[in-house]
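To get the working numbering, take the position in the sequence shown, counting from 1, and add 5.
Using N, Cα and C, we set each Cβ at its ideal position, and we do this for glycine too.
Keep in mind that this is a model prediction, so the values were computed, not measured.
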Amino acid sequence: MSELLNSMQTLGLNEQQDGGNLSQTPADQHQHQQQQQLLSQLSEGGGPPIDPNDRAAVIRSYVEQLPMVAEWMRTVPPRSELDFSDPDIRGEVDKLVGTVAVIRKVSAVEDNPPLEEIFQSGALPMLQSFMYWDEVPQLQFEAAWAAMNVASGASHLTMAVVEVGTIDAFIHLLRSETVEVIEQGIWGLGNIAGDGAEMRNLVLTSGALDACYELGPKFGNDSSTVLLERNFIWSVSNFIRSKPPPASNFCHQALNIITAFLDHSDEECLLDALWGMSYLSDANEVNEEL
């Protein structure tokens, strides 16, 4: 990963950068320093308020560099080749996490998020691959959230996310030991399934409901997992939402999960469980059990 630091400096994504490159004029360097400060604030999610005009300019500038960011990410070695106990490697992986976090935040801007640009940049396959980096849960979290944001766009973007293997990656996240990572996995599956019957069927035939069954032991008896449970039952309801209803075996699986939430103490969980029962009522195969 020796090129990682240099690539980030070139792209203006390295928070430790000290002054720009030799081709810059003093005016260019001043502008770069301003943009670097704003990008740092964006990637950290904090700092002083950013002037909306400046923030928009920085985002536009970053979006223009997305193809370069994606090209750099393709140079990152496979996780199997990395020694995560090496402090130098860990430091550079932290910079990778920061870069993906910026993509995630840019994909979530309120006005006209550049979802198409992220797709066109070629970043999606790398976001999908980063979801398998079990040694770095924060990277999994950021990559999954960014991919999910793209999938929430137009239908062709949902399909693009699916075509790079993201459904299997989201299912992989359900086996994480980190609750926040699991949340992103189940939320991503629910978003894809909500795009329509075709996407829903792809999610179901990939084994999403089987993976959901395995999540039961991760639910607590208190409020510690209520956010996860809300995402979970919302997603399971989405799995059987679109018409025509899914195959009967999937309806029965979903029914077994949803009925377990009908006496849930959390109102949001209960409401989504009731919506799930409503969707199942449209499936002739399970009407007798309902």
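Measure from the C-beta of residue i to each C-beta in chain E and report whether the shortest distance is under 7 Å.
i: residue 70; result: Judged by its chain identifiers, the structure shown contains no chain E, having just a single protein chain.
State the Cα-Cα distance for the pair residue i and residue j, rounded to the nearest angstrom.
i: residue 184; j: residue 163; result: 24 Å
i: residue 31; j: residue 93; result: At residue 31, the pLDDT of 42 sits below 50, so the modelled position is not reliable; the number obtained from the coordinates is stated separately. Distance between the alpha carbons of residue 31 and residue 93 is about 32 Å.
i: residue 246; j: residue 95; result: 42 Å
i: residue 242; j: residue 125; result: 31 Å
i: residue 37; j: residue 81; result: For residue 37, the pLDDT reaches just 44, beneath the cut-off of 50, and the residue's location in the model is therefore unreliable, although a value from the coordinates is still provided. Using only the alpha carbons, I get a separation of about 25 Å.
i: residue 169; j: residue 159; result: 16 Å
i: residue 283; j: residue 204; result: 20 Å
i: residue 2; j: residue 236; result: Only positions 6 to 295 of the chain appear in the structure, and residue 2 is not among them; the question remains open.
i: residue 67; j: residue 129; result: 17 Å
i: residue 272; j: residue 234; result: 11 Å
i: residue 296; j: residue 71; result: The structure shown does not extend to residue 296, since the chain is modelled only from 6 to 295, so the question has no answer here.
i: residue 98; j: residue 139; result: 13 Å
i: residue 238; j: residue 258; result: 13 Å
i: residue 255; j: residue 279; result: 17 Å
i: residue 267; j: residue 83; result: 44 Å
i: residue 211; j: residue 65; result: 37 Å
i: residue 63; j: residue 221; result: 43 Å
i: residue 230; j: residue 171; result: 25 Å
i: residue 73; j: residue 61; result: 19 Å
i: residue 141; j: residue 200; result: 30 Å
i: residue 85; j: residue 127; result: 22 Å
i: residue 187; j: residue 198; result: 17 Å
i: residue 260; j: residue 104; result: 41 Å
i: residue 265; j: residue 120; result: 37 Å
i: residue 115; j: residue 91; result: 39 Å
Where do the N-terminal and C-terminal ends of the alpha helix (DSSP H) with residue i fall, by residue?
i: residue 253; result: 253-264
i: residue 92; result: 92-112
i: residue 128; result: Counting along the chain, residue 128 falls outside any alpha helix (DSSP H), and DSSP gives it neither H nor E.
i: residue 314; result: Not covered by the structure: residue 314. The range shown for the chain is 6 to 295.
i: residue 280; result: 272-285
i: residue 175; result: 171-178
i: residue 214; result: 213-218
i: residue 205; result: 202-210
i: residue 143; result: 142-156
i: residue 233; result: 231-244
i: residue 136; result: Looking at the DSSP string, residue 136 is not in any alpha helix (DSSP H), and its letter there is neither H nor E.
i: residue 165; result: 160-168
i: residue 71; result: 71-78
Suppose the cutoff is 8 Å on Cβ atoms and the five residues either side in sequence are ignored; what does the same chain contact list for residue i look like?
i: residue 27; result: Only weak support exists for where residue 27 lies, its pLDDT of 32 falling under 50; the coordinates are left without a value.
i: residue 287; result: 248, 250
i: residue 263; result: 238, 241, 242, 278, 281, 282, 285
i: residue 122; result: 68, 71
Apart from the five residues just before and just after residue i, which ones in its own chain have a Cβ nearer than 6 Å to its Cβ?
i: residue 154; result: 112, 113
i: residue 109; result: 147, 150, 151
i: residue 191; result: 236, 237, 240
i: residue 161; result: none
i: residue 202; result: 247
Taking C-beta to C-beta, are residue i and residue j nearer than 7 Å?
i: residue 143; j: residue 208; result: no
i: residue 78; j: residue 131; result: yes
i: residue 166; j: residue 152; result: yes
i: residue 133; j: residue 75; result: no
i: residue 269; j: residue 276; result: no
i: residue 189; j: residue 146; result: yes
i: residue 117; j: residue 157; result: no
i: residue 213; j: residue 232; result: no
Closer than 7 Å by C-beta to residue i: which residues in its own chain qualify, once you throw out the five before and the five after it? Chain order, please.
i: residue 251; result: 205, 206, 209, 245
- prompt: Is there contact between the segment 211-219 and the segment 172-179, where contact requires at least three CB pairs shorter than 8 Å?
  reply: yes
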